[in-house]
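Peer 1: One point on numbering: in my numbering, the residue at position 84 of the sequence shown is 91, and numbering is uninterrupted.
Just so you know, even glycine gets a beta-carbon here, dropped at the ideal spot from N, CA and C.
Note that the structure is predicted; figures quoted are calculated from it, not measured.
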Amino acid sequence: MADITRRVQSRASALFECGEVVAAAVLVEPRHTYGIGSVAVAVLPRTRTLGLSRKAAESGRLEGGTAATFPSGPCVMAITDRRVAVIPSNGLRFTEIRVSYALSDIRLTGSRSAGLGRRLHFSFADTTGVVVDAQRGQPFEALATLLGGR
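1) How many whole angstroms separate the CB atoms of Thr87 and Phe23, which I take to be in contact at a CB cut-off of 8 Å?
2) Taking the Cβ atom as the reference point for each residue, do Val35 and Leu153 lie within a distance shorter than 8 Å?
3) For Val137, write down the residues that DSSP places opposite it in a beta bridge.
4) Could you name each continuous beta strand (DSSP E) segment of 3 residues or more that falls completely within the stretch 72 to 111, going from the start of the chain to the end?
5) Tell me where the alpha helix (DSSP H) around Leu153 begins and ends.
6) May I ask you to report which of helix, strand or coil DSSP gives Arg35?
7) Just reading off the beta strand (DSSP E) that Ser118 is part of, what are its end residues?
8) List the residues that DSSP assigns as beta-bridge partners of Gln16.
9) Which whole-angstrom value describes the C-beta separation of Arg38 and Val106, a residue pair presumed to lie in contact below a C-beta threshold of 8 Å?
10) Taking the straight line between their C-alpha atoms, what separation do you get for Ala64 and Gly26?
11) Going by DSSP, name the residue or residues bridged to Val29.
12) Between the Cα of Ala109 and the Cα atoms of Gly122, Asn97, Leu123, Arg90, which residue gives the shortest distance?
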């Protein structure tokens with residue numbers, strides 16, 4: 008996966024406020040998409056992805072709080088100069104901002120290699136959290152800098 012920051016800025020510009028600048032954008036997917044189970048995603052993509060999305064939705068509901076607002080399917084996290092906008096997307100189409108968080112309300116608290124990608128842990132100000140996977144080759148250093156993680 009390539010760095011899609013510029014693509015998000017141009018193709019999703021109508022979704023952002025006037026003058027809002029995308030500093031980094033990362034396409035994230037349900038947890039285990041790129042881990043050991045990623046072989047199953049390659050073999051049974053639609054079925055496996057739907058199952059992971061359902062599992063992520065259930066996990067968010069159980070976690071409650073702000074974590075329950077995070078979309079359970081593939082989405083782009085666009086970190087702008089004003090907020091973190093979460094846009095359900097396959098990386099090419101951007102139709103709506105499903106949820107946004109103040110920059111002070113979300114932190115990257117973990118990032119590690121996981122199979123074919125990275126596993127990212129985000130914590131919210133209300134102490135809830137969400138775990139997602141992301142393909143390699145994305146701007147993880149910029150994400151860590153912008154969201155105070157390592």
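Peer 2: According to the structure shown:
1) Numbered from its first residue, the sequence shown carries residue 87 at position 80. Numbered from its first residue, the sequence shown carries residue 23 at position 16. 7 Å between Cβ atoms; contact.
2) Looking up residue 35 in the sequence shown gives position 28. Looking up residue 153 in the sequence shown gives position 146. No, the pair does not count as a contact, with Cβ atoms beyond the cut-off.
3) In the sequence shown, residue 137 corresponds to position 130, counting from 1. Its beta-bridge partners are Phe129.
4) 82 to 87, 90 to 95, 106 to 109
5) Locating residue 153 in the sequence shown gives position 146, counting from the first residue. 147 to 153 is the span of the alpha helix (DSSP H), which, as asked, contains Leu153.
6) Counting from one through the sequence shown, the residue named residue 35 turns up at place 28. First, the residue type needs correcting, since residue 35 is Val and not Arg in the sequence shown. Strand.
7) Position 111 of the sequence shown, counted from the first residue, corresponds to residue 118. Unbroken beta strand (DSSP E) run through Ser118: 113 to 121.
8) Residue mapping note: residue 16 aligns to position 9 of the sequence shown, counting from 1. The partner list for Gln16 (beta bridge, DSSP) is empty, contrary to what the question assumes.
9) The count along the sequence shown starts at 1 and reaches residue 38 at position 31. The count along the sequence shown starts at 1 and reaches residue 106 at position 99. About 18 Å separates the two Cβ atoms, so there is no contact after all.
10) Position 57 of the sequence shown holds residue 64. Position 19 of the sequence shown holds residue 26. Residue confidence for Ala64 is low, a pLDDT of 46 falling below 50, so the modelled location carries little weight; the figure read from the coordinates is stated next. Whole-angstrom Cα-Cα distance: 33 Å.
11) Counting from one through the sequence shown, the residue named residue 29 turns up at place 22. Beta-bridge pairing links Val29 to Thr87.
12) Residue numbering aside, residue 109 sits at position 102 when the sequence shown is read from its first letter. The option with the nearest alpha carbon to Ala109 is Arg90.
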